[in-house]
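Remarks on the structure that follows.
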Amino acid sequence: MIQWWSGLFLAAMVSLVALRLGWLTLGGALVACLVGGFAFGRFGLIGAGALLTFFVTSTLLGRSRGKVSEGPRTAMQVFANGGVASYFALYGSVEGWVGFVCALAAANADTWATEIGLRFGGNPRNIVTWRRVDAGASGGVTLIGFVGAAAGSMLMALWAPEVMRVVLLAGFLGALFDSLLGAALQARFVCGECGAALEGSRHCGQDARCVRGWSLLDNDGVNFAMTLFAALGGIFLFTR
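End of the sequence shown = 252 in my numbering, gap-free, step of one.
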């Protein structure tokens with residue numbers, strides 16, 4: 013019990029720092045506090061270290077690209093990337109640890125693929141149609157982006173050397189699954205006011221029109237599905 017309360021306290025301190033730095037909204041900080049508390053409470057310093065590795069490296073990669081304009085991470089964004097890992101932290105057992113670290117590996121792989129691909133990858137192609145798409149478009153992939161995904165997944169796998177190959181593979185496949193969902197099912201919207209192409213459902217103070225994909229599946233939904241896929245896939249590989 014002491015470890016759980018200590019975890020919540022330490023997670024609150026880290027979340028407060030992230031809030032002051034503008035990395036998280038207030039809601040995002042509250043959710044991050046719970047996610048971090050669960051990670052430390054169940055897995056101790058190694059769980060907290062794995063979670064912090066994902067959060068810090070992914071945030072710094074985005075900010076180094078000048079992504080400050082996108083604003084701090086919201087509660088929904090934190091939950092989409094860390095909610096599955098939190099569940100498996102509560103689940104406990106060896107399988108819970110595998111699910112936890114595989115979910116984080118997928119989130120890290122996806123973030124690294126996006127950030128490194130945008131900076132160094134050139135013109136991406138849609139993973140389903142293989143047609144060229146705009147940089148940053150959901151479902152777009154590049155060769156250097158694949159390298160980034162592998163590197164991001166490997167970084168998380170270092171926290172679990174006993175199942176390193178499982179985590180590396182699950183994290184990479186999770187990022188690939190994210191691209192497939194983004195290309196095939198993720199909603200695309202158009203603002204009725206200014207005509208901007210969007211991934212979110214609101215713009216210019218009004219609801220945007222869904223022109224492609226499933227209107228209920230936004231980027232946060234894709235990220236949540238990706239981490240769940242990686243966690244379950246990692247557990248399956250581990251238990252085979």
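Even for Gly, the Cβ is constructed at its ideal location relative to N, Cα and C. Quick caveat: nothing in here was measured; it's all calculated off a predicted structure.
Using a Cβ-Cβ cutoff of less than 8 Å, which residues in the same chain neighbour residue i once the five nearest sequence positions on both sides are dropped?
{"i": "I58", "result": "W171"}
{"i": "A60", "result": "G19, L22, A23, G48, A51 and F52"}
{"i": "F248", "result": "none"}
{"i": "L228", "result": "A199"}
{"i": "L42", "result": "S27 and A87"}
Would you mind stating whether residue i and residue j have Cβ atoms separated by less than 7 Å?
{"i": "C206", "j": "C222", "result": "no"}
{"i": "A125", "j": "A187", "result": "yes"}
{"i": "T37", "j": "A119", "result": "no"}
{"i": "M176", "j": "A169", "result": "yes"}
{"i": "S264", "j": "A117", "result": "Since the first residue of the chain shown is 13 and the last is 252, residue 264 is not available in this structure."}
{"i": "A208", "j": "D230", "result": "no"}
{"i": "L44", "j": "V113", "result": "Sequence check: residue 44 is Ala here, not Leu. No, the Cβ-Cβ distance between A44 and V113 is not below 7 Å."}
{"i": "I139", "j": "G151", "result": "yes"}
{"i": "G160", "j": "G194", "result": "no"}
{"i": "R144", "j": "R137", "result": "yes"}
{"i": "F250", "j": "V178", "result": "yes"}
{"i": "G56", "j": "E127", "result": "no"}
Which class does residue i belong to by DSSP, given the choice of helix, strand or coil?
{"i": "V47", "result": "helix"}
{"i": "C222", "result": "strand"}
{"i": "V96", "result": "helix"}
{"i": "A101", "result": "helix"}
{"i": "N231", "result": "helix"}
{"i": "N135", "result": "coil"}
{"i": "R256", "result": "Nothing about residue 256 can be reported from this structure: the residues present for the chain run from 13 to 252 only."}
{"i": "A172", "result": "coil"}
{"i": "A209", "result": "strand"}
{"i": "L240", "result": "helix"}
{"i": "G83", "result": "coil"}
Who pairs with residue i in a beta bridge, going by DSSP?
{"i": "G34", "result": "None; G34 has no bridge partner."}
{"i": "R144", "result": "R137"}
{"i": "R75", "result": "Paired residue(s): none; R75 is not in a bridge."}
{"i": "G314", "result": "Residue 314 falls outside the range modelled here, since the chain spans only 13 to 252, and no answer is possible."}
Between which two residues does the beta strand (DSSP E) holding residue i run?
{"i": "V202", "result": "R200 to V202"}
Spatial neighbours of residue i within its chain, please: C-beta separation below 6 Å, excluding the five flanking residues on both sides.
{"i": "A92", "result": "D232, N235 and F236"}
{"i": "A115", "result": "V96, A97, T239, A242 and A243"}
{"i": "R224", "result": "R200"}
Could you spell out where the alpha helix (DSSP H) holding residue i opens and where it closes?
{"i": "R177", "result": "M176 to A196"}
{"i": "S165", "result": "L155 to A169"}
Between which residues of its own chain and residue i is the CB-CB distance below 7 Å, once the five residues before and five after are set aside?
{"i": "T86", "result": "T37, G39 and G40"}
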